[in-house]
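Number of protein chains: 2
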Amino acid sequence: MEKGIEKVVMIGAGNVGTRLALALKNCGLEIIQVYSRSLDSAGMLARKLDCDPATDLKDLKAHADLYIVAISDDAIPEVAERFPYPEKLLVHTSGSTSMDVLEDAGARHGVFYPLQTFSKEVEVDFSQIPVCIEAAHEEDMAILKQLASRLTSRVYLVSSEERLLLHVAAVFACNFTNHMYAIAEDILTRYNLDFEMLRPLIRETARKAMHESPAGVQTGPAVRKNEKVMKKHLEILSALGGYQKIYNFISESIIDKSKPEKS
Amino acid sequence: MEKGIEKVVMIGAGNVGTRLALALKNCGLEIIQVYSRSLDSAGMLARKLDCDPATDLKDLKAHADLYIVAISDDAIPEVAERFPYPEKLLVHTSGSTSMDVLEDAGARHGVFYPLQTFSKEVEVDFSQIPVCIEAAHEEDMAILKQLASRLTSRVYLVSSEERLLLHVAAVFACNFTNHMYAIAEDILTRYNLDFEMLRPLIRETARKAMHESPAGVQTGPAVRKNEKVMKKHLEILSALGGYQKIYNFISESIIDKSKPEKS
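In structure tokens form, the structure reads like this:
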């Protein structure tokens, strides 16, 4: 049996790299080096992990069991091309990038994608985070599965195609949702109303989705097809100088989705 | 000083009427009657409250201190017109309906609007729910304020205009957000992927909004203007037969909102 992962090099010191490296260290792994193009970023995370920073891929330490690439999607191919250890296991953490992009780096490559929104400064409980893994070789799949299981009880084997679907669904569930919050905040702020008033509603809306099917618990004027209320809302939005188009568009999508004859 | 509210008649037995009546009873108030056009609905809630149902407004009991109208917006004017006790305090619970709609019922009217999404079957902790009150007379405002304070620590005096703004903001923060969850669910379900995988992300996105300004913590390809990823998402959505328009539209709104020269 392959030995498990003990030593890790983190390539990237952004939101994902930071939270993932700290979580791995908490599980007893040794992060032996942090790479970032910026010495500031590499240094800041390396200090937290008590390891060495690097700013040149040529300086990557050779004795790690795993190299994790947690950088922007566009920068992954270049790192793959210049990765100096073709016999080593290299994974990226991107939802929207195919595993194949790491082929240039060597035969042992894969994906370790934690399905969560991360901020450098915000601590997260990794034990509840789904981690989607993929590997070019079965032995590496087993190694990654074992590693992921140390972090979380939710480990999924997911192909590159499925991961892209998860990623686009996550854009709706997270990024677009947050934009809805931001619009609500903007509307209230313009009228000196406190966004705090909406926070219990935001919490409850998310809480409902924890047990229910969201489509089944849709509420509001659109799903009730209450045109009078929608008209009032559009009038007030027009006085407010915006958001009518997005209001109309999403309302139509809700009405459309709630049709029983939906195909 | 006016005496506080002790006896309440609930006019309406839907989501808001049910949760509000049960919460008031829990605070020690006596719900003496439930009215609904449907005897089934009135009877079901009346049984939970251990009081009498009514299906005709002429049968409303005369000795309540407060009559709460928790029915669909469109039906409020008719109830106001036919309300038999012009000297009694009557309030509605609607976010998008002006207080004036109750003028026909009598001089003592107002609004008691709990800013939350309710389901008949789902228990809620009222102590965290903002309640927005308004009254035609100052004495009634004091009475409603005292009543609301028994339910929650978050009592706000809010005009009809402000309440409509809160309501439209709530549509974004709750109804539209839930629709984003529903789209994510639909995308995954079509490919036999488990919606459960997204729930930790939904929880974390809402949790972030509890302390942060949503506009300040926006993440994802749109705010990073990552056109390559957006193009990949649009391709997969097109193969999936839908949602490209809504993806494009919300992405544009995010890009637009994140412009520094935003007016």
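If you read the sequences in order, they're chains A and B.
Going left to right, the first sequence walks through residues 1 to 263 as this note's numbering numbers them.
Going left to right, the second sequence walks through residues 1001 to 1263 as this note's numbering numbers them.
Even for Gly, the Cβ is constructed at its ideal location relative to N, Cα and C.
Note that the structure is predicted; figures quoted are calculated from it, not measured.
Under 8 Å Cβ-Cβ, which residues of chain B neighbour L157/A? On the first sequence, position 157 is the one that residue 157/A refers to. What L157/A touches in chain B: nothing, since even the nearest Cβ is about 12 Å away.
Taking all protein chains shown into account, do 16 or more other C-beta atoms lie within 10 angstroms of the C-beta of S253/A, making it buried, or fewer, making it exposed? Stepping through the first sequence from its first residue, residue 253/A is reached at position 253. Burial call: buried.
### Query
What does T117/A reach in chain B if we use C-beta pairs closer than 9 Å?
Reading the first sequence from its first residue, position 117 is the one you call residue 117/A. Neighbours of T117/A on chain B, chain order: L1201, E1204, T1205, K1208, V1217, T1219, G1220.
I want to see whether chain A comes within less than 8 Å of L1165/B, judged by CB atoms only; does it?
Working through the second sequence from its first residue, we reach residue 1165/B at position 165. At least one chain A Cβ lies under 8 Å of L1165/B.
Discussion item. Any beta carbon of chain B sitting closer than 8 Å to that of F172/A?
Written reply: By one-based count along the first sequence, residue 172/A stands at place 172. True, the Cβ-Cβ gap to chain B drops below 8 Å.
Task: D1186/B - DSSP class collapsed to helix/strand/coil - done: Within the second sequence, numbered from 1, the residue matching residue 1186/B stands at position 186. Reduced to three states, the DSSP call for D1186/B is helix.
- Query: Which residues bound the beta strand (DSSP E) around H1109/B?
  - Reply: On the second sequence, position 109 is the one that residue 1109/B refers to. Taken as a continuous stretch (DSSP letters only), the beta strand (DSSP E) holding H1109/B covers 1109 to 1114.
Tell me, please, whether the CB atom of T1177/B is closer than 8 Å to any CB atom in chain D? Of the protein chains in this structure, namely A and B, none is chain D.
- [ ] Report yes or no: do three or more beta-carbon pairs, one from the region 227 to 242 of chain A and one from the region 1200 to 1219 of chain B, lie closer than 8 Å?
- [x] no
* Asked: Which of helix, strand or coil does DSSP assign to L1240/B?
  -> Position 240 of the second sequence, counting from 1, holds the residue named residue 1240/B. Coil.
Nearest residue (CA-CA) to Y1243/B, options T1117/B, T1219/B, I1255/B, Y1181/B: As a first step, residue 1243/B is located in the second sequence; it is residue number 243 there, counting from the start. Measuring from the Cα of Y1243/B, the nearest candidate turns out to be Y1181/B.
Note down, in chain order, each residue of its chain lying with its Cβ closer than 6 Å to the Cβ of T152/A, except the 5 sequence neighbours on either side.
Walking along the first sequence from the start, residue 152/A turns up at place 152. Correct list, in chain order: F126, S127, I129, V131.
* To do: Using alpha carbons as the reference points, say which of L1240/B, E1139/B, D1059/B, Q1218/B lies closest to I1250/B.
  => By 1-based counting over the second sequence, the position of residue 1250/B is 250. For I1250/B, the nearest C-alpha among the options comes from Q1218/B.
With H, G and I counted as helix, E and B as strand and the rest as coil, what does DSSP make of D1074/B?
Position 74 of the second sequence, counted from the first residue, corresponds to residue 1074/B. In this structure, D1074/B counts as helix in the three-state DSSP scheme.
* Asked: At a cut of 8 Å, does the region 54 to 63 of chain A reach the region 29 to 43 of chain A through at least three beta carbon pairs?
  -> yes
- Query: Mapping DSSP to helix, strand and coil, what is P130/A?
  - Reply: Against the first sequence, residue 130/A aligns to sequence position 130. In this structure, P130/A counts as coil in the three-state DSSP scheme.
Q. Does DSSP classify E1161/B as helix, strand or coil?
A. Your numbering for residue 1161/B matches position 161 in the second sequence. Helix at E1161/B.
| Taking Cβ-Cβ distances shorter than 7 Å, what residues in chain B pair up with S213/A? | The count along the first sequence starts at 1 and reaches residue 213/A at position 213. Those are E1185, listed as they occur along chain B.
**Prompt:** I5/A: which of P77/A, K120/A, V122/A, C27/A sits nearest, CA to CA?
**Reply:** Along the first sequence, one-based indexing puts residue 5/A at 5. The candidate whose alpha carbon is nearest that of I5/A is C27/A.
From A42/A, N15/A, G216/A, C51/A, pick the residue whose C-alpha is nearest to that of K25/A; which is it? Here residue 25/A refers to the residue found at position 25 when the first sequence is read from its first residue. Out of A42/A, N15/A, G216/A, C51/A, C51/A has the C-alpha closest to the C-alpha of K25/A.
Check your understanding: Among residues of its own chain, excluding the 5 on either side of T1093/B, which ones have a beta-carbon nearer than 6 Å to its beta-carbon?
Key -> Indexing the second sequence from 1 puts residue 1093/B at position 93. Within the same chain, T1093/B has close Cβ partners V1016, A1070, F1112, Y1113.
So for Y1264/B, helix, strand or coil by DSSP? Any property of residue 1264/B remains undetermined from this structure, which presents chain B solely from 1001 to 1263.
_Simplified DSSP assignment, three categories, for I1068/B_ = Your numbering for residue 1068/B matches position 68 in the second sequence. DSSP places I1068/B in strand when its eight states are reduced to three.
- prompt: Using the C-alpha atoms, what's the distance from Y67/A back to G106/A?
  reply: Within the first sequence, residue 106/A is the residue found at index 106, counting from 1. Within the first sequence, residue 67/A is the residue found at index 67, counting from 1. Cα-Cα distance, rounded: 12 Å.
Distance CB(I1236/B)-CB(V101/A) smaller than 8 Å: Numbered from 1 along the second sequence, position 236 holds the residue referred to as residue 1236/B. Numbered from 1 along the first sequence, position 101 holds the residue referred to as residue 101/A. The answer is no: Cβ separation not under 8 Å.
Query - Close beta carbons around A42/A, own chain, < 7 Å, minus the five adjacent residues each side - result: One-based indexing of the first sequence puts residue 42/A at position 42. Once the five neighbours on either side are set aside, the close Cβ partners of A42/A are A13, V34, Y35, S36, P53, A54, T55.
Q. If you draw a straight line from the alpha carbon of R1163/B to that of E162/A, how long is it in whole angstroms?
A. The residue you call residue 1163/B lines up with position 163 of the second sequence. The residue you call residue 162/A lines up with position 162 of the first sequence. So the two alpha carbons sit approximately 43 Å from each other.
Distance, Cα to Cα, A1038/B vs L193/A?
-> Taking the second sequence and counting its residues from 1, one reaches residue 1038/B at position 38. Taking the first sequence and counting its residues from 1, one reaches residue 193/A at position 193. Residue identity check: residue 1038/B is Ser in the sequence provided, not Ala. Using only the alpha carbons, I get a separation of about 38 Å.
**Message:** Using only the alpha-carbon positions, how far apart do N248/A and S238/A sit?
**Reply:** For the purposes of this step, residue 248/A is taken as residue 248 along the first sequence, with counting starting at 1. For the purposes of this step, residue 238/A is taken as residue 238 along the first sequence, with counting starting at 1. Cα-Cα distance, rounded: 12 Å.
Handout entry: Expected contact under 8 Å - CB spacing of A1206/B and A206/A to nearest Å
Key = Along the second sequence, read from residue 1 onward, the residue named residue 1206/B stands at position 206. Along the first sequence, read from residue 1 onward, the residue named residue 206/A stands at position 206. With 8 Å as the limit, A1206/B and A206/A qualify as a contact, their Cβ atoms being about 4 Å apart.
Between V124/A and the rest of its own chain, which residues show a CB-CB distance below 7 Å, the 5 nearest in sequence each way excluded?
The sequence position of residue 124/A within the first sequence is 124, counting from 1. Excluding residues within five positions, the ones whose Cβ falls inside 7 Å are R19, Q116, F118.
| C-beta neighbour in chain B for Y181/A, strict 8 Å | Taking the first residue of the first sequence as position 1, residue 181/A is located at position 181. Output row for Y181/A: interface = yes.
Item to check | Classification of A1075/B by the beta-carbon crowding that lies within 10 angstroms, buried from 16 upward | outcome: Reading the second sequence from its first residue, position 75 is the one you call residue 1075/B. With fewer than 16 other Cβ atoms within 10 Å, it is exposed.
Classify Y1191/B as buried or exposed, calling it buried when 16 or more other Cβ atoms lie within 10 Å of its own Cβ.
Along the second sequence, one-based indexing puts residue 1191/B at 191. Classification for Y1191/B: exposed.
Using a Cβ-Cβ distance under 8 Å, would V1008/B count as near chain A?
-> The count along the second sequence starts at 1 and reaches residue 1008/B at position 8. For V1008/B, the answer is no, since every Cβ of chain A falls outside 8 Å of its Cβ.
Quiz item: Under a Cβ-count criterion, where at least 16 other Cβ atoms within 10 Å of its own Cβ denotes burial, should V9/A be classed as buried or exposed?
Solution: Here residue 9/A corresponds to residue number 9 of the first sequence, with the count starting at 1. Buried, because 16 or more other Cβ atoms sit within 10 Å of the Cβ of V9/A.
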